[in-house]
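Enquirer:
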Amino acid sequence: MKKWIVVLFALLPSLALAAGGNVHLDKANNDLSDQASLQNGAKLFMNYCFACHSTQYQRYERVANDLGIPVDLAKENLVFDPEAKIGDLMVNAMPQKQAAAWFGAAPPDLTLVARVRGVDWLYTYLRSFYVDPSRPFGVNNVTFPNVGMPHVLEELQGIPTPIYETQVVDGEEVQVVVGTETNGRGELSPSEYDDAVRDLVNFLEYSGDPVKLERHALGWWVMGFLVIFTIVVVLLKKEYWRDVH
């Protein structure tokens, strides 16, 4: 009984993260076989996220090879540190102590964020920022209330404003933010922005499990081997036991 209690408490943090509260999560519908999507996601991550968030368990060269990007092109467009080598880990230059002072907490490494939070949560989160003058960076988030992160993709999406809905909480009517809408002045249309976010989330899913497609493909070969092996064993068993029966 004690062992089950220990296991339950060990799983509680991960269950809480996966749940993501009571917010409705939109489907990301990622496709890890879409190389063009992964390449665009890598570009977006390096240009908009990497200044604060590392992916310290990846290497530039491995990413370039997996995503079909020529190494020299990757070094020219994805490696911003002039002293970094193509075989280095993808670690940014932001000091952790200063980052904690600026943001209240050091920005986390994002290598495994898709496995911890889930791709649907990430997809919804990056499309749920809205203007909130009361917050330090002037924005809040429907999926992650009181978020401590600026809306780094604002130039792509435009300025998002909240959509309110009147709800009854503890017997009183209150205005609750249930969605967002943009002013249409971003570099991308709403549908294009959704596609860009999907590409970024696709890249983060790849980052958390770079061999996922290879593992799944290998799994079919293993299952096929087990089926053939089972047939051979059954026929062999019949042959050995023929005289007995």
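Mapped onto mature numbering (1 follows the signal peptide of the UniProt record, and there is no 0), the consecutive letters of the sequence shown carry residue numbers -18 to -1, 1 to 227.
Using N, Cα and C, we set each Cβ at its ideal position, and we do this for glycine too.
Alpha carbon to alpha carbon, what distance is there between valine 156 and aspartate 48?
Expert: Walking along the sequence shown from the start, residue 48 turns up at place 66. Walking along the sequence shown from the start, residue 156 turns up at place 174. In a straight line, the C-alpha of aspartate 48 is about 49 Å away from that of valine 156.
Enquirer: Start and end of the alpha helix (DSSP H) containing isoleucine 210?
Expert: To locate residue 210, count along the sequence shown from 1; it is residue 228. Per DSSP, isoleucine 210 belongs to the alpha helix (DSSP H) from 194 to 222.
Enquirer: Taking C-alpha atoms, which residue in Ser189, His198, Glu163 lies nearest to valine 40?
Expert: As a first step, residue 40 is located in the sequence shown; it is residue number 58 there, counting from the start. Here residue 40 is glutamine; the residue named in the question, valine, does not match the sequence. Out of Ser189, His198, Glu163, Ser189 has the C-alpha closest to the C-alpha of glutamine 40.
Enquirer: Closest to glycine 166 by CA distance: which of Glu154, Glu136, Asp191 is it?
Expert: Within the sequence shown, residue 166 is the residue found at index 184, counting from 1. With distances taken between Cα atoms, glycine 166 lies closest to Glu136.
Enquirer: Can you tell me whether tyrosine 222 is buried or exposed, with buried defined as 16 or more other CB within 10 angstroms of its CB?
Expert: Position 240 of the sequence shown, counted from the first residue, corresponds to residue 222. Under this definition tyrosine 222 is an exposed residue.
Enquirer: Cutting at 6 Å between CB atoms, please list the residues of its own chain near lysine 219, excluding the five before and the five after it.
Expert: In the sequence shown, counting from the first residue as 1, residue 219 sits at position 237. Once the five neighbours on either side are set aside, lysine 219 has no close Cβ partner at all.
Enquirer: Could you give the first and the last residue of the continuous beta strand (DSSP E) run that contains residue 235?
Expert: The structure shown does not extend to residue 235, since the chain is modelled only from -18 through 227, so no value can be given for it.
Enquirer: Tell me where the alpha helix (DSSP H) around proline 172 begins and ends.
Expert: Locating residue 172 in the sequence shown gives position 190, where the first residue counts as 1. From DSSP, the alpha helix (DSSP H) with proline 172 extends over 172 to 190.
Enquirer: Can the beta-carbon of asparagine 184 be found closer than 7 Å to that of asparagine 59?
Expert: To locate residue 184, count along the sequence shown from 1; it is residue 202. To locate residue 59, count along the sequence shown from 1; it is residue 77. No, Cβ-Cβ distance for asparagine 184 and asparagine 59 is not below 7 Å.
Enquirer: Which term fits tryptophan 202, buried or exposed, when burial requires 16 or more other beta carbons within 10 angstroms of its beta carbon?
Expert: Within the sequence shown, residue 202 is the residue found at index 220, counting from 1. Exposed is the call here.
Enquirer: Determine the direct distance from the alpha carbon of isoleucine 141 to that of valine 179, and round the result to whole angstroms.
Expert: If you number the sequence shown from 1, residue 179 lands on position 197. If you number the sequence shown from 1, residue 141 lands on position 159. Cα to Cα, valine 179 sits roughly 16 Å from isoleucine 141.
Enquirer: Less than 7 Å between the C-beta atoms of threonine 164 and tyrosine 112, yes or no?
Expert: The residue given as residue 164 occupies position 182 in the sequence shown. The residue given as residue 112 occupies position 130 in the sequence shown. Taking 7 Å as the Cβ cut-off, threonine 164 and tyrosine 112 do not qualify as a contacting pair.
Enquirer: Is the distance from the Cβ of leucine 182 to the Cβ of glycine 23 below 7 Å?
Expert: Start at 1 with the first residue of the sequence shown, and residue 182 comes out as number 200. Start at 1 with the first residue of the sequence shown, and residue 23 comes out as number 41. In this structure, glycine 23 lies closer than 7 Å to leucine 182 by Cβ.
Enquirer: Given a cut-off of 7 Å on the beta-carbon distance, is the pair leucine 92 and histidine 35 in contact?
Expert: Residue numbering aside, residue 92 sits at position 110 when the sequence shown is read from its first letter. Residue numbering aside, residue 35 sits at position 53 when the sequence shown is read from its first letter. Contact: yes.
Enquirer: Identify every residue that forms a DSSP beta bridge with glutamine 149.
Expert: As a working note, residue 149 is residue 167 in the sequence shown. DSSP lists Val156 as partners of glutamine 149.
Enquirer: Could you give the first and the last residue of the continuous alpha helix (DSSP H) run that contains asparagine 165?
Expert: Against the sequence shown, residue 165 aligns to sequence position 183. From DSSP, asparagine 165 is part of no alpha helix (DSSP H); its letter is neither H nor E.
Enquirer: Could you spell out where the beta strand (DSSP E) holding asparagine 59 opens and where it closes?
Expert: For the purposes of this step, residue 59 is identified with residue 77 of the sequence shown, where counting begins at 1. Premise fails: asparagine 59 lies in the alpha helix (DSSP H), 53 to 59, not in any beta strand (DSSP E).
Enquirer: Using the beta-carbon count (16 or more within 10 Å), is serine 173 buried or exposed?
Expert: If you number the sequence shown from 1, residue 173 lands on position 191. Classification for serine 173: exposed.
Enquirer: Let me know if aspartate 102 comes out buried or exposed under the rule of 16 or more other beta-carbons within 10 Å of its beta-carbon.
Expert: By one-based count along the sequence shown, residue 102 stands at place 120. Per the 10 Å Cβ criterion, buried.
Enquirer: From aspartate 70 to glycine 153, what distance separates their C-alpha atoms?
Expert: Taking the sequence shown and counting its residues from 1, the one referred to as residue 70 is at position 88. Taking the sequence shown and counting its residues from 1, the one referred to as residue 153 is at position 171. Computed Cα separation, rounded: 57 Å.
Enquirer: Opposite leucine 71 in the DSSP bridges: which residues?
Expert: Taking the first residue of the sequence shown as 1, we reach residue 71 at position 89. DSSP, once it has assigned bridges, lists Arg41 as partnering leucine 71.
Enquirer: Closest to residue 280 by CA distance: which of Val95, Pro127, Arg117, Ser116 is it?
Expert: Because residue 280 is not part of the residues shown, which for the chain are -18 to 227, the question remains open.
Enquirer: Go ahead and label glutamate 196 buried or exposed: buried means 16 or more other beta carbons lie within 10 angstroms of its beta carbon, across all protein chains shown.
Expert: Along the sequence shown, one-based indexing puts residue 196 at 214. Glutamate 196 should be labelled exposed.
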